[in-house]
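Going by the UniProt record's numbering, the first residue of the sequence shown is number 1, and it counts up by one from there.
We treat Cβ as the ideally placed atom computed from N, Cα and C, and that holds for glycine.
Take a look at the structure set out below.
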Amino acid sequence: MTEITEVPSPFCGIGTDDLSIQVDGATLKVIANGCAVNTPAFEQAIADTTPRVAGQSVSLEAATSRAAELLRGTNQPLIGGCATDVNGMRALLALADKSGAVVDNLNFNNARRNLLALQDSGWINTTLAELKNRCDLLLVVGTDLEAFAPRFFEKYLWNEESMFLDSTANREIIYLGKAPSGNASTAPTGQKATVLPCADADLPDVAAVLSALVKGHILHAQNIAGIAINDLQAVADKLKAAHYGVVLWGAAALAFDQAELTVQTLCSIVKDLNQLGTRCSGFPLGGKEGDQTANQVCGWTTGYPARVNFARGYPEYDPYLYDTQTLLNNGEADALVWVQAFNSGALPPKTDLPTIVIGRSGIKFEKEPDVFIPVGTPGIDHSGHAYRLDNVVAIRLKKLRDSGLPSTAEVLTAIEQAL
């Protein structure tokens, strides 16, 4: 039995790197600095280690050969999920290039809300380090930050030391939309976050009103979506008075039509505040299940985020046409490869197509795929790299145990070489 300290996590998105984990053979136990996201992800037991073809146990070589055989006769294969580390994503793109496949990250529909705003008008965003050392006012829009990353406030808001603030305990937290689900946003002084609640569907209107108030426009309405205009004016005034304000949102929580326009409004608020003479930055959430890693690797490899089609022999990007569910619903794909090395609960979409699953041990299928190859989890079963939510740091993941499970990169490379 050994104890490994300063363990980084690929699961929470914020780059938590101070976990202490007890390793007893193949069993892991988080003994310090765990949370509701990281602890169950690290402690999940290994359930199966043997590949299966048509439900029957086979060797790894037989499974990769069968996977290659299924792909060899396809016209438009689809590689979905993309939940892996940097090397796994590189191997995935190499397989897509060779097989002419569509590549689609499972969280792309969420990321698309950010990408469309970025591509249309740009944004000014910050990093975790800057937030930790400079932010004196955090505006959380439309998301439960504590549920997304339970240790976010502990690590980056209520930290004891800061390079540019006399006291981090005096930071002000404002929630617009969803209320926090716990007390992590309460300052060490006991000061609770200000909460201006509204329904998700009302966020576009509320954000638009806040934008108008930041610009100095006069409004005749007394309230919007149950929030007093005077309260929103107070938020606008505090943003203008802050030395370094941060506007945070989670695209996954903005589950309404044309949510990218609301993201664009938030980005506009940030830009307007900077023009008024204060400093303000945006901060979009993400990074769970390798979604930032997938888009980063696909970006530097192809020039596009991870929704591309290699059918023509070169990458073509379309944020709508190459959606996994759309391709399956329209009968445009003829095989599915599902890659999910982090979350055994993230099942492949239902389909009657030939299906190859390269996933974390313990997946319980509603329908057994044609090929299932259990793989090791980056940061547990093998070392690797994964990008945290601010996209500026690739976390160096540690190997914690010897499980005998191959990496995603090894399996995808073997399939590619067998084609």
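Asked                                                                                                                          : Found
Residues that N125 bridges to, as DSSP identifies them                                                                         : G282
Any 3 or more C-beta pairs closer than 8 Å across the stretch 129-143 and the stretch 93-106                                   : no
Nearest-angstrom Cα separation, counted from K271 out to L261                                                                  : 15 Å
Run of the alpha helix (DSSP H) containing F42, from where it starts to where it stops                                         : N38 to E43
For N114, three-class secondary structure by DSSP                                                                              : helix
Spatial neighbours of Y387 in its chain, beta-carbon cut-off 6 Å, leaving aside the 5 residues before and after                : Q292, T293, Q296 and A394
Contacts around R66, its chain only, beta-carbon distance under 6 Å, and the 5 residues preceding and following it disregarded : V53 and V371
Other residues of its chain near E154: CB distance less than 8 Å, five sequence neighbours each side excluded                  : A184
Buried versus exposed call for K288 [16 or more other C-beta atoms within 10 Å across all chains shown]                        : buried
4-residue-minimum alpha helix (DSSP H) runs that sit fully inside the stretch 200-256, ordered along the chain                 : 203-215 and 229-241
The stretch 85-97 / the stretch 372-386 touching (three or more Cβ pairs under 8 Å)                                            : yes
Rounded C-alpha distance that separates residue 486 from S407                                                                  : An answer regarding residue 486 cannot be provided, because it is not within the stretch 1 to 419 covered by the chain.
W338 - containing beta strand (DSSP E), residue span                                                                           : A335 to Q340
Straight-line Cα distance separating G80 from T324                                                                             : 7 Å
Integer Cβ distance of T39 from V392, believed to fall under 8 Å                                                               : Their Cβ separation, rounded to whole angstroms, is 26 Å, which puts T39 and V392 out of contact at 8 Å.
Residue of A62, Y156, N125 and I4 minimising C-alpha distance to G282                                                          : N125
Residue ranges of each beta strand (DSSP E) within the stretch 66-122, 3 or longer                                             : 77-83 and 102-105
Span of the alpha helix (DSSP H), counted from its first residue to its last, around V393                                      : Careful: V393 lies outside any alpha helix (DSSP H) and carries neither H nor E.
Residue closest to P319, alpha-carbon to alpha-carbon, out of T49, P77 and V102                                                : V102
Euclidean distance between Cα positions of K364 and C82                                                                        : 19 Å
Distance between G362 and I415 (C-alpha atoms, nearest Å)                                                                      : 22 Å
Contacting residues, own chain, Cβ-Cβ under 6 Å from A100 (five flanking each side not counted)                                : The sequence shown places Gly at residue 100, rather than the Ala named in the question. Excluding positions up to five away in sequence, the list reads F310 and A311.
Cα-Cα separation, L145 to D390                                                                                                 : 15 Å
Exposure label - Q56; buried when at least 16 CB within 10 Å                                                                   : exposed
Among L353, L157, R401 and G359, the one whose alpha carbon lies nearest that of E73                                           : Note on identity: in this sequence residue 73 is Gly, with Glu being the wrong assignment. It is L353 whose Cα lies nearest to the Cα of G73.
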